[in-house]
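In full-length UniProt numbering, the protein residues as written are 1 to 515.
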DNA sequence: TTCCGACAGTGGGGTCGCAAT
DNA sequence: ATTGCGACCCCACTATCGGAA
């Protein structure tokens, strides 16, 4: 199949907002590709490259060569070029990657170049990625979408499922079962504004500690142990402590879900930054381990010996977990039975949240005790509750938006008042803004404009915004040495002047309170 | 008819490893 | 030794479609 065929379909998918139409277009293309080309077509149209890390990003692709006049590239040509790129390493790698990328782009037409650049920078913006591609695959093969989705969740990837389905038909999906040694997509949590809201939504539930670390899925088969992240990266080699804990469990096979954290000398949880640094270290694991030893803390189990538990209710899965894993390697929890739901249960759950925060953790996750493990879904069955802080900050500048925000000032630079009354930048945010707010802030900020370099508009201090955030973290980027974690705009404060905005000192205190 | 679950889009800061400077 | 880049970790929120209620 020619790349141009796929690029045309991507354009058509982007041009319609109807999801059912997108699904039809994808299905037609997958059928046309045939078993030979469909895996590549599906990978590219779901915004992925099979090679994974290829070391090519925006910077490498900045200056594209003149486009080809006529399309000639096939999907296999692209695949071969990406194989070549992925294999480049060592001295001169940057230049060699640039050369190879330019050769590929030079063989592509203008439209093909745009698609390839988007694909390689993770910005295939056609309003249909992984989940829509799975829908398209289901439509193309005449198999219920639910079965395709489940197979993808259990295999952890779409392309192998597509290959099997197109070659072997619906019956081939039976092979995709929970398999020890092969990770499934983890179940994710939705949010709730308060414990009360979560309890009302869920009935019989467990309120569990939410730990601020790295999500891990651990598989053990005999002496063989593997550890994966949320996106199913294999990090077994980096976390020997986790392997040791798994090997010591009194079973021969199991699949566990949990979080890796670290404690300081006083037994308080260390910051996310420290844990992430440790988990990311792979060159000298022994040294990293000595500095920041980690501990796995599990909250779910998907398989024990021959018992597959994905579809078992959470209450049953937790009984299995408690029988398998020592208390110090399990999250603390507070159980609310439906029969006991009421003021007492709410008070108990809220007290548990307060204790959890007091121990230095992030918040709680409230989980429906009757729910199965919905691999890969941001299930309504799990709801996280975290405290939110807010401050009033001054807009110092704003960046022009991209995509659907083109022509609107979007990303706000936020400042607090310093000791001398000067404004100190603390970070940026583009979150929480409705279309109406985007339109209004664009107009107001342009009135306050001091300069515009085409990317960033600097403004006179005038606009004050109420910003919500989860906490304060150390920063090497901003002058005060700190920045807000997950900042988002709640509302404008037209009633406040920049002189009435919060101070850096107040931000620091909010951070201390949050920790 | 209205409501709500699921998706995609729009990006944020920190950290590590690698190659270039 | 420092810097730039890519890739990954954590993530919040809004708009929209289309099926459920």
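Where is the CB? At the ideal position from N, CA and C, for every residue including glycine.
Residue i and residue j closer than 8 Å at C-beta
| i | j | result |
| --- | --- | --- |
| residue 113 | residue 64 | yes |
| residue 75 | residue 37 | yes |
| residue 387 | residue 363 | yes |
| residue 253 | residue 199 | no |
| residue 398 | residue 457 | yes |
| residue 314 | residue 370 | yes |
| residue 173 | residue 166 | no |
| residue 485 | residue 465 | no |
| residue 181 | residue 226 | yes |
| residue 353 | residue 405 | no |
| residue 292 | residue 246 | no |
| residue 394 | residue 501 | yes |
| residue 433 | residue 415 | no |
| residue 289 | residue 240 | yes |
| residue 441 | residue 391 | no |
| residue 487 | residue 427 | yes |
Proximity winner among the options, relative to residue i (alpha-carbon distances)
| i | options | result |
| --- | --- | --- |
| residue 516 | 372, 365, 295 and 67 | As displayed, the chain neither begins before 1 nor continues past 515, which places residue 516 out of reach and without an answer. |
| residue 42 | 59, 384 and 9 | 9 |
| residue 326 | 311, 298 and 350 | 298 |
| residue 17 | 128, 417 and 355 | 128 |
| residue 400 | 436, 372 and 445 | 445 |
| residue 5 | 70, 152, 286 and 499 | 70 |
| residue 27 | 367, 110, 143 and 332 | 143 |
| residue 417 | 411, 508 and 92 | 508 |
Through-space distance from residue j to residue i, alpha-carbon basis
| i | j | result |
| --- | --- | --- |
| residue 281 | residue 494 | 46 Å |
| residue 277 | residue 213 | 11 Å |
| residue 197 | residue 90 | 54 Å |
| residue 450 | residue 459 | 5 Å |
| residue 477 | residue 505 | 18 Å |
| residue 156 | residue 381 | 21 Å |
| residue 44 | residue 447 | 43 Å |
| residue 98 | residue 105 | 10 Å |
| residue 515 | residue 207 | Low confidence applies here, because residue 515 scores a pLDDT of 42, under 50, leaving its location unreliable and the question unanswered by this model. |
| residue 11 | residue 24 | 14 Å |
Three-way DSSP call (helix, strand, coil) for residue i in this model
| i | result |
| --- | --- |
| residue 344 | helix |
| residue 261 | strand |
| residue 186 | coil |
| residue 384 | strand |
| residue 145 | helix |
| residue 495 | coil |
| residue 428 | strand |
| residue 471 | strand |
| residue 237 | helix |
| residue 217 | strand |
| residue 197 | helix |
| residue 503 | strand |
| residue 295 | strand |
| residue 71 | coil |
| residue 10 | helix |
| residue 332 | coil |
| residue 409 | strand |
| residue 248 | coil |
With 16 other Cβ atoms within 10 Å as the buried cut-off, status of residue i
| i | result |
| --- | --- |
| residue 133 | buried |
| residue 135 | buried |
| residue 210 | buried |
| residue 374 | buried |
| residue 318 | buried |
| residue 273 | exposed |
| residue 344 | exposed |
| residue 521 | The chain is shown from 1 up to 515; residue 521 falls before or after that span and cannot be answered. |
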